[in-house]
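Colleague: Here it is, the structure, as structure tokens.
Numbering (the numbering used here), first residue to last: 106 to 176.
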């Protein structure tokens with residue numbers, strides 16, 4: 106029976122290490138997803154500005170940017 110208990114203990118240790126490593130990896134992956142989400146939001150807003158500039162014309166877009174920046 107000692108062999109079975111030792112095997113169970115060793116397996117439990119290995120599983121605990123594996124769980125800790127996976128938890129660390131998951132945190133890293135989640136952080137990267139969050140950063141990517143922020144980046145995608147910025148890209149989305151830039152696309153909206155480009156669409157407006159194309160639809161309204163460059164002159165109107167330039168006036169809007171000037172008003173927005175207070176120039």
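Glycine included, C-beta positions come from ideal geometry on N, C-alpha and C.
1. Apart from the five residues just before and just after residue 158, which ones in its own chain have a Cβ nearer than 7 Å to its Cβ?
2. Rounded to whole angstroms, what is the Cα-Cα separation between residue 132 and residue 138?
3. For residue 164, name the three-state secondary structure that DSSP assigns.
Modeller: Short version:
1. Apart from the 5 residues on each side of it in sequence, residue 158 sits with its Cβ closer than 7 Å to the Cβ of 166 in its chain, given in chain order.
2. Each residue's Cα considered, the two are about 10 Å apart.
3. If DSSP states are grouped into helix, strand and coil, residue 164 belongs with the helices.
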